[in-house]
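Novice:
Residue numbers (this note's numbering), protein chains in the order written: chain A, 4 to 462; chain B, 17 to 201.
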C-alpha cells in the first residue's frame, strides 16, 4: 500500500479518536487535516499547493446563496419555539385528538411533521416534544414505551420532511458532487438538479413515513387500548376547543404550508421562502403578544450561534476534504467503492451502512459535509437520480438517529424523561418505529419513483 | 512568565471582547431575515431586482458566520461528540480542551491565516469589487472577514488555553461569560 494511502487511513482513524474524546468536530477535522498535510509534506506525499485553494473555498462557502436558507430557517424555528407557538400547537392538538384512543400519540406525530422545517437540527424537536408531551402522555396513562417511541420517531421526522435544514445542506452537497460526476463522465447536458428537487423528492417518502407511523398507532390503540387510552382534560369545553384549535393550529400550519408551497410551486427559492418564514414567525409571535426585546434578543443570539456552529463544521470539513484529496484518499475511496462485488448495489449498501454507523456518533450536518463529497461522485457513476440518492441518505440517517443503543434521539429523550422510565423501555418502545423506518427504506430502495415522481411533475 | 493575575485579566478581556462582538453581530441575523424578505418582495411584488441587493444578504450571512465563530466557541456552541465527554470529570474535560486547542485548533488557524493573507492582500491592493456587473463595492472588506475569523478565533483559543490551565492548576478559573451556561441550542 502506498504511503499516501496509509496516511489517509491513519488520518481518518486519528479524527475518529479525537472526535470521540469530545473536542469540537469542526476543529478536529480542520486540525487533523493540517497535521496530516504537514506529515505528508515532510514525507513527500502531499503537495502544499492544495492549501492555496483554502481561501477561495472559504469564500465559496461565505458567498453561497443557497446556504443562506440555513440561518433563516433556524431563525424561524427558534422564533416559533421561543414565542411558545410550538408549545401551544402541541397542547391544543393533544386536547383535540386526545379524546380518541391513541389520539395523543397521533397528534405528537402530526406536530412533529409540522414542526419539521423549524427543528431539523440536532435533537431540538425531541427535547421540545419530550418536555411538552411526555408528561401529558404519562398522565393520560400511556405505556411509557409507546410514549417514548412515538416522541423519538416524530422528533426525527424533521430530518426528512421538507423544508428541513438538513435537506438544504444535503441538497447543496449533492448538487456539487452530481455536477462533478457528470462532467467526469463527459456528460455536458446535465439535467438540472437543485435543493428544490430534493425538497419535492422527500415529500412523498416523508408523508409515507408519517402515514405508516399513524397507521401503527391506530392499530396498536385498537388492539391494545390500555397502552394508548383516550384522554379528557378537565374543564375544557368542546366549543372552547374549536376556537383554541383554530388559534393554535391554523397560523403555524399556514406558515409552514406557505413556505413549502412557494418553494415547491416554483414561486420562491428556498432562501427567499425561508425569509418569508422568518418574517411570518415574527408576525405570529407579535400577534400572540409574545414579541418583545428579550425574546428577540434570545432568538437572534441562538440563531447566530447555531449558524456559526454549522458553518464552522463546513469550514473544518472543507480543510479535511482538501487534505484527503491531496493525499489521494478520495481516489482510494473511489476505487474501493468501484471494485466492490455487486457493482452499484454493493457500493450503495456499503455507503448506506457507513452512514448509518456514523449516525451513531455524528450529526446530520457533519456526515453530509464529510461523507457526501467523498462517496457521491463514485455512486453517480451509475445512472441514478440524485433526488433518490438524497432521500435514501436522509431516511437512512434518520433511521440511524432512532436505532438503539446509540441513536441520538434516544439520548435526547433520556435527558428529558423522568427516572421511572427505564432506558430499556425507551429502547423497546422505539423498535416498532425503527422497523417501520427500515421497511420504508426498503420500499424506497426498490421503488425510486416515490422520490422521483413529484420533482418531475413540478418541472 | 506572565503573572497569574495578568493572565486571568487577559482571559477575561478576550471573553468580554468576543461576547460584545457576538452580541452586536447577532442582530445582523434579524437584518438578514428582513433584508432577504425585502429583496424577495421587491422581486416578486414589483419586479425590481439588482445584483448588489442580492449580494447584500449573502454577504451579511457570510459576515455573521465568520465573525460569530469565536463567540460560539466562547459559549461552547460548537458541536462535540459527547458520548464520553459528557460524563468526564472537570479535569479530563479541561485536558481534552487544552490539548485540542493547542494541537488542533491553533495550528488550523495559523494555516488558514497564512494562506488567506496573500489572498486578502491581493483583494485590498486592487480595492476589489464584486465581479458581477452591477454588484457590490468593497469585496475586499467582505473577504477580510476570513482574517477577522482567524484573529477572533485565535484570541478565543488563547483564552480557552488560559482557562483550562487554571482549572488544571486547581485555581479558580476566571469567570466565564455571563450567559455561557445557556449553551447554543
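Ideal Cβ positions, reconstructed from N, Cα and C, are used throughout, including at glycine. These numbers come from a predicted model, not from an experiment.
Can we say the segment 38-47 of chain A touches the segment 303-316 of chain A, given the rule of at least three CB pairs closer than 8 Å?
Specialist: Counting Cβ pairs under 8 Å, fewer than three are found: no touch.
Novice: Would you verify that the beta carbon of residue 23 of chain A is, or is not, closer than 8 Å to some beta carbon of chain B?
Specialist: For residue 23 of chain A, the answer is yes, since a Cβ of chain B falls inside 8 Å of its Cβ.
Novice: Would you kindly work out how many angstroms separate the C-alpha atoms of residue 155 of chain B and residue 42 of chain B, rounded to a whole number?
Specialist: Looking at the two C-alpha atoms, the distance is approximately 22 Å.
Novice: For residue 20 of chain B, report the span of its alpha helix (DSSP H) as first-last.
Specialist: Looking at the DSSP string, the run of the alpha helix (DSSP H) that includes residue 20 of chain B is 20-62.
Novice: Going along chain B in order, which residues have a C-beta closer than 8 Å to the C-beta of residue 68 of chain A?
Specialist: Here the neighbours are 70 and 74.
Novice: Report all residues from its chain with a CB closer than 6 Å to the CB of residue 329 of chain A; omit the five preceding and five following residues, and keep chain order.
Specialist: The residues are 49 and 53.
Novice: Would residue 128 of chain B pass as an interface residue toward chain A - the criterion being a Cβ-Cβ separation below 8 Å?
Specialist: Yes, its Cβ sits closer than 8 Å to a Cβ of chain A.
Novice: Shorter than 8 Å from the beta carbon of residue 31 of chain A to some beta carbon of chain B?
Specialist: With 8 Å as the cut-off, residue 31 of chain A counts as an interface residue toward chain B.
Novice: Contact defined as beta carbons within less than 8 Å: I believe residue 95 of chain A pairs with residue 247 of chain A. What is the distance between those atoms, to the nearest angstrom?
Specialist: With a Cβ gap of about 5 Å, residue 95 of chain A and residue 247 of chain A count as contacting.
Novice: Answer yes if the segment 30-45 of chain A comes into contact with the segment 111-128 of chain B, meaning at least three C-beta pairs across the two stretches below 8 Å, and no otherwise.
Specialist: As far as the Cβ criterion goes, the segment 111-128 of chain B touches the segment 30-45 of chain A, which means the pair count is three or higher.
Novice: Just how far apart, CA to CA, sit residue 75 of chain B and residue 63 of chain A?
Specialist: About 11 Å.
Novice: Counting only the same chain and skipping the five closest in sequence on each side, list residues whose C-beta sits under 7 Å from that of residue 125 of chain A.
Specialist: Unreliable placement is indicated for residue 125 of chain A, whose pLDDT of 49 sits below 50; no coordinate value is reported for it.
Novice: Please decide whether residue 261 of chain A counts as near chain B, where near means a Cβ-Cβ distance under 8 Å.
Specialist: False, the Cβ-Cβ gap to chain B never drops below 8 Å.
Novice: In the DSSP assignment, find the unbroken alpha helix (DSSP H) run with residue 420 of chain A in it and report its ends.
Specialist: Where residue 420 of chain A is concerned, there is no enclosing alpha helix (DSSP H), given that its DSSP letter is neither H nor E.
Novice: To the nearest angstrom, report how far apart residue 39 of chain A and residue 120 of chain B are at their CA atoms.
Specialist: Looking at the two C-alpha atoms, the distance is approximately 11 Å.
Novice: How would you label residue 147 of chain B, buried or exposed, when you count the other beta carbons within 10 angstroms and need 16 or more for buried?
Specialist: Burial call: exposed.
Novice: Does residue 146 of chain A pass the burial test, meaning 16 or more other C-beta atoms within 10 Å, or should it be called exposed?
Specialist: Label assigned to residue 146 of chain A: buried.
Novice: Excluding sequence positions up to five away, which residues of its chain have a Cβ less than 8 Å from the Cβ of residue 145 of chain B?
Specialist: Taken in chain order, the residues that qualify are 151, 152, 153, 154 and 155.
Novice: Assuming the contact rule is C-beta atoms closer than 8 Å, residue 84 of chain B and residue 29 of chain B should be a hit. Round their C-beta distance to whole Å, please.
Specialist: With 8 Å as the limit, residue 84 of chain B and residue 29 of chain B do not qualify as a contact, their Cβ atoms being about 19 Å apart.
Novice: Please go through the same chain and pick out, in chain order, the residues whose beta-carbon is closer than 6 Å to the beta-carbon of residue 162 of chain B, but skip the five residues on each side of it.
Specialist: Here the set comprises 132.
Novice: Got a sec? Which residues, its chain only, sit under 6 Å from residue 215 of chain A by beta carbon, not counting five neighbours each side?
Specialist: Closer than 6 Å at Cβ, skipping near neighbours: 439.
Novice: Restricting to Cα atoms, I'd like to know which of B/128, B/36, B/61 and B/69 is closest to residue 48 of chain B.
Specialist: Minimum Cα distance to residue 48 of chain B is reached at B/69.
Novice: Starting from residue 107 of chain A, trace the alpha helix (DSSP H) in both directions and tell me its first and last residue.
Specialist: 106-117 is the extent of the alpha helix (DSSP H) around residue 107 of chain A.
Novice: Taking the alpha carbon of residue 327 of chain A as the point to measure from, which residue in A/20, A/21, A/36 and A/16 has its own alpha carbon closest?
Specialist: The option with the nearest alpha carbon to residue 327 of chain A is A/36.
Novice: By DSSP, does residue 181 of chain A sit in helix, in strand, or in coil?
Specialist: Residue 181 of chain A falls in the helix class under three-state DSSP.
Novice: Please decide whether residue 132 of chain B counts as near chain A, where near means a Cβ-Cβ distance under 8 Å.
Specialist: Cβ-Cβ to chain A under 8 Å: yes for residue 132 of chain B.
Novice: Ends of the alpha helix (DSSP H) at residue 273 of chain A?
Specialist: Where residue 273 of chain A is concerned, the enclosing alpha helix (DSSP H) stretches over 273-290.
Novice: For the alpha helix (DSSP H) containing residue 77 of chain B, list its first residue and its last residue.
Specialist: Element bounds for residue 77 of chain B: 67-83.
Novice: Buried or exposed: residue 85 of chain A, going by 16 or more other Cβ atoms within 10 Å of its Cβ?
Specialist: Burial call: buried.
Novice: Would you identify the three-state DSSP class for residue 406 of chain A, choosing helix, strand or coil?
Specialist: In this structure, residue 406 of chain A counts as coil in the three-state DSSP scheme.
Novice: Taking 8 Å as the threshold (beta carbon to beta carbon), is residue 366 of chain A in contact with chain B?
Specialist: Answer yes: the Cβ-Cβ gap between residue 366 of chain A and chain B drops below 8 Å somewhere.
Novice: Could you tell me how far apart the beta carbons of residue 171 of chain A and residue 136 of chain A are, in whole angstroms, since I believe they sit closer than 8 Å?
Specialist: That pair is no contact at about 27 Å.
Novice: Kindly indicate if chain A contains any beta-carbon less than 8 Å away from that of residue 99 of chain B.
Specialist: So yes, residue 99 of chain B belongs to the interface.
Novice: Using only CA atoms, which one of A/87, A/279 and A/132 lies nearest to residue 420 of chain A?
Specialist: Among A/87, A/279 and A/132, the Cα nearest to that of residue 420 of chain A is on A/132.
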